[in-house]
Structure formats: C-alpha cells, structure tokens
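Novice: This is the structure I want to talk about, given as structure tokens.
Residue numbers (the numbering used here), protein chains in the order written: chain L, 75 to 810; chain Z, 23 to 178.
Right, here's the structure in full:
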C-alpha cells in the first residue's frame, strides 16, 4: 500500500479558497480572484485573456465573410437553453442580417475580448441585451456609412433588410459582401441608434430558431465526452465515498495489471487511473484497493440531518440566525393564538445532466489547453491556471456545448475541471480526458441544499397576513455574506406587503456535504413554501385561491403578477367544471426578473399524483425567441416535476444512497404532462428564462392535491417509495 | 481476443476483452461518438443502437454477444424512417442540450419500423426507456407523430 501524500488536507483548504473567490452582488455573479502566488496575482491582473481571437472590423462578436455569412461569436455557454440563438438574434436584429445566413460559434475563454464569460442566474440575455444590440447596430451603421459614401446619398435615407443595403429613391442596393471592404474601413459609432420594439422584424418572431438542431439530431454534435485527440489517455478517479474523507492508503498492483492502464497515482481528490480507453480506466479503478481516513468526514444519515435542522430552527443548537427581513416596531411581538404554523422539509437534489462530468486537458509547461462544456469559462480559466501554476492568459479553453448542466458545471471551484488539469499536469504534453461515471456525478455532492422552513402567519381582520415569522435552515451557497440565496423569493414576496410585523431569520449551518447552485437555486424550495402557504391560508379564510391571490397582488400593487394570474385563470379554465377525481392547482412565482404562473390538472391514483396538463403564463419582458421560451417552460416543468415527485439524494452514515437513475428517478415520456405556454406581450427589457419555469410546478401540483384531498404537502418529494424509502428516508410530517 | 464486428455495414476486427460493453467499442475503438454514455446500467437509453434491427442499450451489451449480429448506430442509420424523424426533429427544434437525442432517435426509428402509425400509448411504451433531462418529451412525441404522417404521405 502506498501512503497518500499529505496534500489531502491541503485540498480542503484550497477548495475553500476557491469558493471564496466568488461572490454575489445584485443577483449577478461577480468573480473575484484569490491568487495564492505573486505570479498568479500579476497574471490575473495583466494577462486575463487567452489566444487572440480572429480579427474582425465589426468587433469581438461579429464576423462577416465575403460569402455573405454572418458569424456571431457567442460568449455564453450553450447548455441546451438555446442561448446561442438568443445572442445571435439580438445582434442580427440590429444588424438587419439575413437570419438564414447567420451562424453561431462558441467564444473561447478570453476576458479581454469578451468580458466575463459567466452563464448563471438566467442572466445571459438580460446582461447582454445592450452590448449585443449595440454591436449589431454599430456594424449596421458601418454598412450604411459605406453605402452613403459610395452612392453619395444621405445615410438617413438608406435602409438595411436581410443583409441587403438599399436606397429607395435611386433604387440602388448592395449586399453585405459587396460593401464589406468599404464598411470595414468605417469607424464604429460609440452610441449607435437602436431600434424601437415596434420596429423589430426578427426578435419576437418564430423565425428565431435554434441553429444546432441538425447536428444534435444526427449524432454529429461534439460534446466533451466525444473528444478524441492523438495520444490522448482517458482518466477516472476513485473519490472518497464520504464527504470530507481523505485518502489514507491505496494499492494499485492489480489495477496496473489491467490491460490498457497506463498509470495510477494519487491526486488531491483521490486516486487517478489513466488508461488508453474508458473501459480500461474503469476496470483499473475497480481493481484498486483503497483505504480512506474518515476522521473529518460527514458520517451522519439524512434522518439525523433532518432532526439537526429542526433543532436549529427551534434554537436548540449553537447555529446563530441572521435577519433577512424584519419589519415592525417589535419583531418579537407576540403572535395571536390563532396564528397558523407551517413546516416544510426539502431534500438534497443532484443535477444529473445527461452528460455526466468530463473534461479534456493538456499541460505543456506554461500552456494549458482545455476542451470543456465550461459554464463559467473565465472562472475556469483562473482555476486551471491556479493548479497548473501558470497565468490565466496561458489557459486556452475551447468551450463546447454541454450535455446539460443545470448548475453542476457552474461550480466556482470548477471541481471536475481542476481535477482533470491536476492529472494532466502529472502527464505533461499528453491530452487527458477525464470521465466521471453517473455514479461519480451523483455521489460527488454539490447538491441543491436540503432545507427546513417554519413559518408562523397571523392573518389580520382584513384577511391579509398581518404578522409573518419565517425561519429557514439551509447550508450557505457562498461562504461569505448573508445567506440570501436560501431565502430568495421570500422577502420580495407580494404576500408580505400587508404585514405590519415581519420577522425573517435564516440559519446557515456548515458541514462537509458540498452544496451548489441548482436550476432556480433558492426559488426551487421557496416557491413551494410561499405558494403552498397561500393556498392553505385561502382555505382557512374560505376564499378561492385565485381570488385570494388577486386581492394580495392588488394590495401589493404587483401588476405583473396580476396580469399573469388573470391570463392563467382564463387560459387554464380556473373555476370551470372538471371531471370527477381531477383538480386544478395553481402557483405564481417571480424569479430572475420573470413572473411565471402554472396551473396543473392533477388526480391522485392510489397515492400517486398524475399530472396530465400544465398551463403556463410567463412575463419575461421582451420575448426574443418565443419558441425557445416555450421550450424552457416545457423543460422547466419537466425538471421541476422530477424533483417534486421523486427527487431526493440521501445519506446513510455519510454515504450517498442514490447512485444512478434507478435510485434517483426522473420523469420519463409516460409521465410528462401536456404543456401550453402563453407569453404575455411586453416592452420591458428581457429577463431570464432558463430557470423561472422550474419553481412553480411543485406548489401547483401540491395545491391541486390539497384541493383533492384536503391534505397539505409538508415535504418533498411527494413520492417516497422505492430506493429513498428503503434507505430509511423519511421526513417527519408536521401539521399545518 | 479479436472479435469480428459488423457496424453500419462495415466489418471491423476488434481486439478487446469480450466483456467490454459494445458502447465503449463503438465510442473509443471505432470513434463512433454519436452514441452516448449516460448511465452505464441501461436506465437512460442515451446509448441506444440497433442490433439485428432491435433497439439495444449498448452500455450493457457485451462485445462477445454483439459480434454475432449487424449493428447500426446513429451515424449509419439510413432509410425513410430516420429521415422523417430527423426532419421532424429539426422542424420542431426538439433538442435542447441534445445529448440524449441520438438514443431517442434510435428508439423512435425502431418504433416507426414496427408500428408505422403509433398511438400515444405506443410511444409511451417505446420511448419510456429514454431519459431526457431537458424534458423535451412533448416535442419528441409530436415529432414522432409528424414523422409517421410524413411517411404515410410519402406512401400515398
């Protein structure tokens, strides 16, 4: 047996440092860089960049070639959400390009050329709305200037449409390629004139479609998993089965005898087996003898953690709360005897993207080459530089589409990418493809945090919540600052508008189970808390849940919520007769600037909810690509329904029990409800769409079950049979 | 030992352990990467290929068993059904991340060859072995109906 290097402990410290480098400000990810070496500090400041992008007269994001094709360089990560089409449409609209002659390529990581490349918080469209339109409008102005000069006519009389520049009065026209050389010599205007919404010809139409459906329907699309390079080796890593466990010893004698195994060595995160192909790496890893030091590892089971969270909320532990929202002269004001208490428990959830985690890396002295479905490309660049002991500017990340992510590839510490670079650094100049199995991915943590919520509501004589006490227990997603992400969607809720006393506290215990952003983050549980409480309050007050919401939204002047509610009720047939055994439930939640309402038609079949139809209404500001908004709504509902019905990652003595899709089920074809999506017209700036479709479905289903059975849902998932139950998974039911 | 393997109409001599899952022979040895690894335990369907015309999860199908039969992957899948399916997939923008779609399409093609005008219940049975985490299920269902319609139209 070989004793593990002493670096196991160091890894934990570095990981903490890595996480420290990211903070949240105003909802947007702002990335700071914690350098540990003077060279790195200098490098981060001076050389944040990468290979110089192809030069273009029209800026970093637009290339126009003599054959008439417009190439848009997409700085955001395409993970399925269709952002490549959204980015391209913003440019193409202002450029008046021919959409059928627009193609999109992924930007390599390069802070200097593209600014921060961070795909997070459903903000890709919102944060690039101005810069992409400006880029397109500036390029258009250059073509107009070139034509005006050539034809000696005023610029204002020149029109551009579908890549053709024309002057109506003289009947002259020229295509982009015909004007290309002259246009490229023009100076780009700093503040080009942007179109008004009413003049859009592309944005908001069904012409804005994906550009990648064909390669994704023929097997031609290359993901990280598919990369083959000359001399490439495939690596797998044996990780500690417990969070916080460290490698004590290992014996690789048998592993080295496996045909195709090239090398075995310990790295900071476990034991790496490097082989000529994936199956050999897997067999080699299976042949390892491993011994782990669990002295600092998490050894509790899920039931212990649930009890611990309940104790924390009751003030029976040393975890101190922080105020997240308080209002009123005396927040400790005694609640009336009629105050209603609600309790909720939510489990850990894994992301389980179809492409499990993988990365290709090659380290050659100062130079690092990476191919990865990289979510936070400019963060990943810095993390790779840190472990390769080089500067970020020497790290070239070729960003390829990811086979899903849902947040898992957006870990600030870039765990899997860093692991791949560490292995590649041990084998200089050899390209290394790191493959994580599904079991590796599900067991790796970085879960949506489990949480416990206790809410005490006193309803005033006017029927509105008058006093609201809120306790949330959830591990923090960021190591610094208030645990705002655990309570997002609560403090801003229109249901709190009438309350004279608000006493909101969040408890943030820390322990070794790593947690992370998961599609819709804190909203993934808080929508359930708020929306299911409101239905229960309505029942207590003998009010219709939609009417009660309407009154609350009016009281809060929540005009967008009101519009979504009204459209949802009319489109979804709220109040109309429905077959015996079926009921409707609705929920409305705002997140990432977008308001989504969903109405679910549900029956309960021997204890199992069946959801046959979901009607969705969305206000996401200006709709850039209506078809992709609909696709994200469908996808968000499917993703949220998987979690609501089945999703739970559980621990038994610290070991993750759900290791594949047999024990972590997700919905399949036969369980997917029909979805109808209605987009409210708007002239407001566009807001997020990748995540807001997720949160409302769980409360919409729970509210329908409540209407059917009168029983509230106090924990998720709704179904706790199968593996979760046999693993001893059980949340105590609290009475509402 | 070496196995003779017929893939997409070509015969390959493959010198791998007979227990090697067909998936890894296709992906790593033959570099046919349209077939994806998603779970390794025949739960997700991302690795679906046709063996003797039947949809099979190649992650759980050993090389020694595969060597007896003709194998078709997404790269070599030809004919009216796959053409109709791919047309429908592009027309509806079915894929999101797209990673599961090779497997979805291989299952859908096998369904259309067996049942040219499948009902929703037929689709549930044939397609429930294929997971899509982006939940593109409704577009897949609609795409299969579209493709069936295209094929009927072509015949009439």
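Using N, Cα and C, we set each Cβ at its ideal position, and we do this for glycine too.
1. Using the beta-carbon of each residue, which ones in chain Z are nearer than 9 Å to residue 293 of chain L?
2. How big is the Cα-Cα spacing for residue 799 of chain L and residue 791 of chain L?
3. Closest Cβ-Cβ distance between residue 33 of chain Z and chain L: below 8 Å?
4. Residues in the stretch 279-306 of chain L with C-beta within 9 Å of chain Z's C-beta atoms, listed in sequence order?
5. Please list, in chain order, the residues of the stretch 512-526 of chain L that have any C-beta partner in chain Z closer than 9 Å.
6. With a threshold of 8 Å between beta carbons, is residue 181 of chain Z in contact with chain L?
7. Find the nearest neighbour of residue 663 of chain L within the set L/689, L/746, L/253 and L/767, judged by alpha-carbon distance.
8. Give the residues of chain Z in contact with residue 591 of chain L, contact being defined as C-beta atoms less than 8 Å apart.
9. Given 8 Å as the limit, is there contact between the stretch 504-515 of chain L and the stretch 584-594 of chain L, that is, 3 or more CB pairs closer than that?
10. Let's test the definition: count the other Cβ atoms within 10 Å of the Cβ of residue 119 of chain L and tell me whether it reaches 16, buried, or not, exposed.
11. Quick test of the definition: if touching needs 3 or more C-beta pairs under 8 Å, does the stretch 734-748 of chain L touch the stretch 61-73 of chain Z?
12. Any C-beta of chain Z sitting closer than 8 Å to the C-beta of residue 310 of chain L?
13. Closest to residue 634 of chain L by CA distance: which of L/441, L/654, L/440 and L/668 is it?
14. Mind checking residue 427 of chain L: buried by the 16 CB within 10 Å criterion, or exposed?
15. Between the C-alpha atoms of residue 52 of chain Z and residue 723 of chain L, what's the straight-line distance to the nearest angstrom?
16. Could you confirm whether any beta carbon from chain Z is found closer than 8 Å to the beta carbon of residue 276 of chain L?
17. Would you say residue 29 of chain L faces chain Z, with C-beta separation under 8 Å as the test?
18. Could you pull out every unbroken alpha helix (DSSP H) segment of at least 4 residues lying fully inside the stretch 456-505 of chain L, listed in chain order?
19. Pick out whichever of L/718, L/709, L/752 and L/386 has its Cα sitting closest to the Cα of residue 120 of chain Z.
20. When the Cα atoms are used, what is the spatial distance from residue 605 of chain L to residue 419 of chain L?
21. By the 10 Å Cβ neighbour count, where 16 or more other Cβ atoms means buried, how is residue 594 of chain L classified, buried or exposed?
22. Let me see if you follow: with CB-CB separation under 8 Å, is residue 672 of chain L close to chain Z or not?
23. Within 10 Å of its beta-carbon, does residue 123 of chain Z have 16 or more other beta-carbons around it, so buried, or fewer, so exposed?
24. Between the C-alpha atoms of residue 323 of chain L and residue 330 of chain L, what's the straight-line distance to the nearest angstrom?
25. Quick check on DSSP: helix, strand or coil for residue 522 of chain L?
26. For the stretch 411-443 of chain L, list every residue whose C-beta sits within 8 Å of some C-beta in chain Z, in sequence order.
27. Give me, in chain order, the residues of the same chain whose beta-carbon lies closer than 7 Å to that of residue 105 of chain Z; leave out the 5 immediate sequence neighbours on both sides.
28. Which residues in chain Z have a C-beta closer than 9 Å to the C-beta of residue 729 of chain L? List them in chain order.
29. Residue 755 of chain L: buried (16+ other C-beta within 10 angstroms of its C-beta) or exposed?
30. According to the Cβ coordinates, are residue 445 of chain L and residue 489 of chain L closer than 8 Å?
31. Please decide whether residue 66 of chain Z counts as near chain L, where near means a Cβ-Cβ distance under 8 Å.
32. So, with DSSP's three-state summary, where would you put residue 530 of chain L?
33. Quick check on the DSSP output: the beta strand (DSSP E) that includes residue 32 of chain Z runs from which residue to which?
34. Within 8 Å of any Cβ in chain Z, is that where the Cβ of residue 742 of chain L sits?
35. Please decide whether residue 796 of chain L counts as near chain Z, where near means a Cβ-Cβ distance under 8 Å.
36. In angstroms, rounded to a whole number, what distance separates the CA positions of residue 33 of chain Z and residue 164 of chain Z?
Specialist: Judging by the given coordinates:
1. 54, 55, 56, 57, 58, 95, 96, 97, 99, 123, 124 and 127
2. Confidence is the limiting factor: at residue 799 of chain L the pLDDT is only 46, short of 50, which leaves the residue's position unreliable, though a coordinate-based value still follows. Approximately 11 Å, taken between the alpha carbons.
3. no
4. 283, 284, 286, 287, 288, 289, 290, 291, 292, 293, 294, 295, 296, 297, 299, 300, 301 and 302
5. 512 and 513
6. The structure shown does not extend to residue 181 of chain Z, since chain Z spans only 23 to 178, so no value can be given for it.
7. L/767
8. The premise fails here: residue 591 of chain L is roughly 16 Å from chain Z at the closest Cβ pair, so nothing lies under 8 Å.
9. no
10. Only weak support is given to the placement of residue 119 of chain L: the predicted model assigns it a pLDDT of 47, under 50, and the value that follows is read from those uncertain coordinates. Per the 10 Å Cβ criterion, exposed.
11. yes
12. no
13. L/668
14. buried
15. 36 Å
16. no
17. A query on residue 29 of chain L cannot be resolved here, the shown segment of chain L reaching from 75 to 810 and no further.
18. 489-500
19. L/709
20. 15 Å
21. buried
22. no
23. buried
24. 16 Å
25. strand
26. 426, 427, 428, 429 and 430
27. none
28. Per Cβ cutoff of 9 Å: no residues; residue 729 of chain L is ~18 Å from chain Z at best.
29. exposed
30. no
31. yes
32. strand
33. 32-37
34. yes
35. For residue 796 of chain L, the pLDDT reaches just 46, beneath the cut-off of 50, and the residue's location in the model is therefore unreliable, although a value from the coordinates is still provided. It does not: the Cβ of residue 796 of chain L has no partner Cβ on chain Z nearer than 8 Å.
36. 36 Å
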